[in-house]
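Visitor: Numbering (UniProt numbering), first residue to last: 1 to 258. By construction, the Cβ of each residue, glycine as well, lies at the ideal position given by its N, Cα and C atoms.
1. For residue 253, collect the residues of the same chain with a Cβ closer than 6 Å to its Cβ; drop the 5 residues on either side in sequence, then sort them by chain order.
2. What is the DSSP secondary structure of residue 133, counted as helix, strand or coil?
3. Use the C-beta contact count for residue 199: other C-beta atoms within 10 angstroms, 16 or more gives buried, fewer gives exposed.
4. Tell me whether residue 98, by its Cβ, gets closer than 6 Å to a heavy atom of the ligand NAP.
5. I'd like to check one pair, residue 77 with residue 64: are the Cβ atoms closer than 7 Å?
6. Suppose the cutoff is 6 Å on Cβ atoms and the five residues either side in sequence are ignored; what does the same chain contact list for residue 197 look like?
7. From what residue to what residue does the alpha helix (DSSP H) around residue 220 run?
8. Between which residues of its own chain and residue 37 is the CB-CB distance below 6 Å, once the five residues before and five after are set aside?
9. For the 8 Å Cβ check, are there 3 or more pairs between the stretch 177 to 186 and the stretch 139 to 154?
10. With a threshold of 7 Å on Cβ separation, who are the neighbours of residue 257 within its own chain once the five nearest residues in sequence on each side are excluded?
11. From residue 184 to residue 41, what does the alpha carbon distance come to, in whole angstroms?
12. Around the Cβ of residue 211, are there at least 16 other Cβ atoms within 10 angstroms (buried) or fewer (exposed)?
13. Whose C-beta lies closer than 8 Å to the C-beta of residue 99 among residues of the same chain, with five residues either side of it excluded?
14. Measure how close the beta-carbons of residue 119 and residue 135 come, nearest whole angstrom, since I'm counting them as under 8 Å.
15. Candidates 201, 241 and 213: which alpha carbon is nearest residue 227's?
16. May I ask you to report which of helix, strand or coil DSSP gives residue 75?
17. With distances taken from CA atoms, which of 57, 244, 88 and 121 is nearest residue 105?
18. Check each candidate in 61, 126, 157 and 80 and name the one with the smallest Cα separation from residue 67.
19. Secondary structure at residue 53, three-state DSSP: helix, strand or coil?
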């Protein structure tokens with residue numbers, strides 16, 4: 001799911017012989033001392049060697065390859081997070097432990113758990129945001145450059161003006177584009193924070209930018225329903241179903257509606 005392992009409620013014993021170095025145990029303090037020793041040149045004296053250790057290797061076809069969309073590359077023995085802002089080296093293990101080194105930010109974070117399926121690599125960036133404000137989701141971290149621009153300007157000018165903000169940016173930069181999926185994710189992020197009116201404005205913008213998409217009207221109908229605007233929700237779910245007759249979500253919603 002979202003390129004993550006799907007877990008069940010089952011608890012499993014992880015045999016010692018499956019563990020790295022025959023089951024050697026390291027504490028967060030042990031790992032922090034190792035990171036400091038590495039970066040201070042106590043383990044590798046040449047800084048060039050340390051940089052090489054952290055450098056993502058390209059495959060024979062020139063691309064990079066990793067586990068998923070987050071740990072999307074591989075260096076000398078460990079995964080990497082390849083991105084324009086705040087890249088990281090990211091050893092992970094057993095779906096329950098992770099160590100992120102942010103070479104450009106002089107920051108490292110260690111999270112060790114005994115809960116398989118907790119996948120701490122998916123929330124370590126959130127922890128980093130407490131030390132690097134630019135990495136907070138509310139500051140637009142993780143968004144594409146265009147989406148971040150739209151998000152930050154909307155936050156400054158007010159969500160009620162999101163369509164005007166988009167038009168202003170587009171007027172200054174004719175090539176400015178954001179995708180339907182990016183805007184939809186933004187809307188659901190607002191819903192997740194219980195900012196329903198802000199989500200409403202975002203989903204409405206998506207219907208204006210992508211009027212032939214069934215999905216945008218489905219999402220717009222969802223937020224209208226959450227706000228108690230049932231008749232408008234019905235109209236938008238009908239529009240979604242018209243654009244995509246296979247949309248079972250819209251069909252199920254409309255099943256008992258007049």
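Guide: If we stick to the structure as given:
1. Walking along the chain shown from the start, residue 253 turns up at place 253. So the list reads 237, once near-sequence residues are dropped.
2. As a working note, residue 133 is residue 133 in the chain shown. Looking at residue 133 - three-state DSSP - the assignment turns out to be helix.
3. Working through the chain shown from its first residue, we reach residue 199 at position 199. It is buried - the Cβ of residue 199 has at least 16 other Cβ atoms within 10 Å.
4. In terms of ligand content, the structure shown is empty, and the ligand NAP therefore cannot be addressed.
5. One-based indexing of the chain shown puts residue 64 at position 64. One-based indexing of the chain shown puts residue 77 at position 77. Not closer than 7 Å, so no.
6. In the chain shown, the residue the question calls residue 197 occupies position 197. There are no such residues.
7. As a first step, residue 220 is located in the chain shown; it is residue number 220 there, counting from the start. Its alpha helix (DSSP H) spans residues 214 to 226.
8. As a position in the chain shown, residue 37 is number 37, starting the count at 1. Around residue 37: 43.
9. yes
10. Counted from its first residue, the chain shown places residue 257 at position 257. Contacts found: 234.
11. Taking the first residue of the chain shown as 1, we reach residue 184 at position 184. Taking the first residue of the chain shown as 1, we reach residue 41 at position 41. Rounded to the nearest angstrom, the two C-alpha atoms are 46 Å apart.
12. Your numbering for residue 211 matches position 211 in the chain shown. The residue is exposed, with fewer than 16 neighbouring Cβ atoms inside 10 Å.
13. Position 99 of the chain shown holds residue 99. The residues are 31, 35, 90, 91, 92, 108, 109, 110 and 111.
14. Within the chain shown, numbered from 1, the residue matching residue 119 stands at position 119. Within the chain shown, numbered from 1, the residue matching residue 135 stands at position 135. The pair is not a contact, with the Cβ atoms about 18 Å apart (cut-off 8 Å).
15. Looking up residue 227 in the chain shown gives position 227. Among 201, 241 and 213, the Cα nearest to that of residue 227 belongs to 201.
16. Sequence index remark: in the chain shown, residue 75 carries index 75 (1-based). The answer is coil: DSSP assigns residue 75 none of H, G, I, E or B.
17. Within the chain shown, the letter at position 105 stands for residue 105. Of the candidates 57, 244, 88 and 121, the one whose C-alpha sits nearest the C-alpha of residue 105 is 88.
18. Sequence index remark: in the chain shown, residue 67 carries index 67 (1-based). That would be 80, whose Cα lies nearest to the Cα of residue 67.
19. Your numbering for residue 53 matches position 53 in the chain shown. In this structure, residue 53 counts as helix in the three-state DSSP scheme.
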